[in-house]
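Written out below as structure tokens is the structure these notes cover.
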């Protein structure tokens, strides 16, 4: 099952990069693809977590990420706090009460489980240090820095209220709040996963690699799209986030 879903992801990933970066339109409707790709990425990482840490812990961590992100996003859409004033369009489906599309929470699973895969300790019982949590939050918010120009100005997933042009019309408070929420969710995820030993010979190799791979592929995709459309600030965010991942890769 994991391999089949990953093969589907690879196909959609290539279509998404080519289609959005180079404005190539396929000869068949793809309105469903954006939402489906986010669902697929989130489900892949939930399945990988079930292999690595057990189904109960994977479900608990997934629910924590989904519930907390939904509450924060709903508060943001309805009040402008904590991210700033923005609204979601009808591109991502279905919308939930509060105006937040369901695929957005699966995107949060991708970001949190993905970055956690880079910074987690391989030793059972060792929880993340404060430095690790802050590094994970920084890598996550830098990914958001690459996502924002694409989502807000190219594919029209959401729209920001006019706030000036400090960073492509996106308020800086969004990134501060994103960082804080990402740190919280990484910490909550670590509370579920850290006590479990990950045996390299037990789970499928794909499950071991998926969290880091999908996070890195997300950086690559949005970096390429930002580059193709002239959003060079997003490219800088990708490079900085990649440096954080590289530093952790060398520790393994």
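Numbering (the numbering used here), first residue to last: 21 to 272. Note that beta-carbon positions come from the ideal geometry of N, C-alpha and C, so glycine has one too.
Review point. If you check the beta carbons only, do residue 197 and residue 123 fall under 8 Å apart?
Key: Along the chain shown, read from residue 1 onward, the residue named residue 197 stands at position 177. Along the chain shown, read from residue 1 onward, the residue named residue 123 stands at position 103. It is not a contact, given that the beta carbons lie outside the stated cut-off.
Review point. To the nearest angstrom, how far is it from the Cα of residue 31 to the Cα of residue 61?
Key: Taking the first residue of the chain shown as 1, we reach residue 31 at position 11. Taking the first residue of the chain shown as 1, we reach residue 61 at position 41. Rounded to the nearest angstrom, the two C-alpha atoms are 12 Å apart.
Practice item. For residue 252, count neighbouring C-beta atoms within 10 Å of its own C-beta (all shown protein chains included) and say buried if the count is 16 or more, exposed if not. Key: Numbered from its first residue, the chain shown carries residue 252 at position 232. Residue 252 should be labelled exposed.
Exercise for review: Can you have a look at residue 157 and say buried or exposed, based on whether 16 or more other CB atoms are within 10 angstroms of its CB?
Suggested key: Mapped onto the chain shown, residue 157 falls at position 137. Result: buried.
Review point. Excluding five sequence neighbours on each side, which residues of the same chain lie with their C-beta closer than 6 Å to the C-beta of residue 260?
Key: Within the chain shown, numbered from 1, the residue matching residue 260 stands at position 240. 162, listed in sequence order.
Practice item. Would you grab the beta carbon distance between residue 53 and residue 65 for me? Rounded to a whole angstrom, and I think it's under 8 Å. Key: Working through the chain shown from its first residue, we reach residue 53 at position 33. Working through the chain shown from its first residue, we reach residue 65 at position 45. That belief does not hold up - the Cβ atoms of residue 53 and residue 65 are roughly 19 Å apart, past 8 Å.
Review point. Does the Cβ of residue 85 have 16 or more other Cβ atoms within 10 Å, making it buried, or fewer, making it exposed?
Key: To locate residue 85, count along the chain shown from 1; it is residue 65. That one is buried.
Review point. What is the DSSP secondary structure of residue 42, reduced to helix, strand or coil?
Key: On the chain shown, residue 42 is found 22 positions in, with the first residue counted as 1. Three-state result, residue 42: coil.
Review point. Quick one: what's got a C-beta closer than 7 Å to residue 42's C-beta in the same chain, skipping five residues either side?
Key: Taking the first residue of the chain shown as position 1, residue 42 is located at position 22. So the qualifying residues of the chain are 248.
Practice item. Please name the residue, chosen from 188, 51 and 81, that lies closest to residue 211 on a Cα-to-Cα basis. Key: Your numbering for residue 211 matches position 191 in the chain shown. Among 188, 51 and 81, the Cα nearest to that of residue 211 is on 81.
Check your understanding: By Cβ distance below 6 Å, which residues in the same chain neighbour residue 214 in space, the five residues on each side in sequence not counted?
Key -> Within the chain shown, numbered from 1, the residue matching residue 214 stands at position 194. The answer, listed in chain order, is 147.
Point to revise | Beta-carbon gap between residue 264 and residue 127 smaller than 8 Å | key: On the chain shown, position 244 is the one that residue 264 refers to. On the chain shown, position 107 is the one that residue 127 refers to. No. Outside cutoff.
Check your understanding: What's the gap between the Cα of residue 221 and the Cα of residue 51?
Key -> Sequence index remark: in the chain shown, residue 221 carries index 201 (1-based). Sequence index remark: in the chain shown, residue 51 carries index 31 (1-based). Only weak support is given to the placement of residue 221: the predicted model assigns it a pLDDT of 47, under 50, and the value that follows is read from those uncertain coordinates. Residue 221 and residue 51: Cα-Cα distance of roughly 40 Å.
Review point. So residue 179 is in the alpha helix (DSSP H); what residue range does that whole segment cover?
Key: Taking the first residue of the chain shown as 1, we reach residue 179 at position 159. Premise fails: residue 179 lies in the beta strand (DSSP E), 178-180, not in any alpha helix (DSSP H).
**Study point:** N- and C-terminal bounds of the beta strand (DSSP E) containing residue 108
**Key:** Indexing the chain shown from 1 puts residue 108 at position 88. Segment 106-108, the beta strand (DSSP E) holding residue 108.
Point to revise | Proximal residues to residue 257 (C-beta, below 6 Å), its chain only, five neighbours per side dropped | key: Residue 257 sits at position 237 when you count from the first residue of the chain shown. Excluding positions up to five away in sequence, the list reads 162, 165 and 166.
Review point. To the nearest whole angstrom, what separates the beta carbons of residue 201 and residue 92, a pair I think is in contact under 8 Å?
Key: Position 181 of the chain shown, counted from the first residue, corresponds to residue 201. Position 72 of the chain shown, counted from the first residue, corresponds to residue 92. That belief holds up - the Cβ atoms of residue 201 and residue 92 are roughly 6 Å apart, short of 8 Å.
**Study point:** Backbone CA spacing between residue 269 and residue 189 [nearest angstrom]
**Key:** On the chain shown, position 249 is the one that residue 269 refers to. On the chain shown, position 169 is the one that residue 189 refers to. Computed Cα separation, rounded: 34 Å.
**Study point:** Within 8 Å, strictly: CB atoms of residue 236 and residue 22
**Key:** Taking the first residue of the chain shown as position 1, residue 236 is located at position 216. Taking the first residue of the chain shown as position 1, residue 22 is located at position 2. No, Cβ-Cβ distance for residue 236 and residue 22 is not below 8 Å.
**Study point:** Element boundaries [alpha helix (DSSP H), containing residue 81]
**Key:** Mapped onto the chain shown, residue 81 falls at position 61. Taken as a continuous stretch (DSSP letters only), the alpha helix (DSSP H) holding residue 81 covers 75-99.
Practice item. Counting only the same chain and skipping the five closest in sequence on each side, list residues whose C-beta sits under 7 Å from that of residue 216. Key: Working through the chain shown from its first residue, we reach residue 216 at position 196. 73, 74, 77 and 144, listed in sequence order.
**Study point:** Buried or exposed (CB count within 10 angstroms, at least 16 for buried), residue 137
**Key:** Here the question's residue 137 lines up with position 117 in the chain shown. Its Cβ being crowded by 16 or more others within 10 Å, residue 137 is buried.
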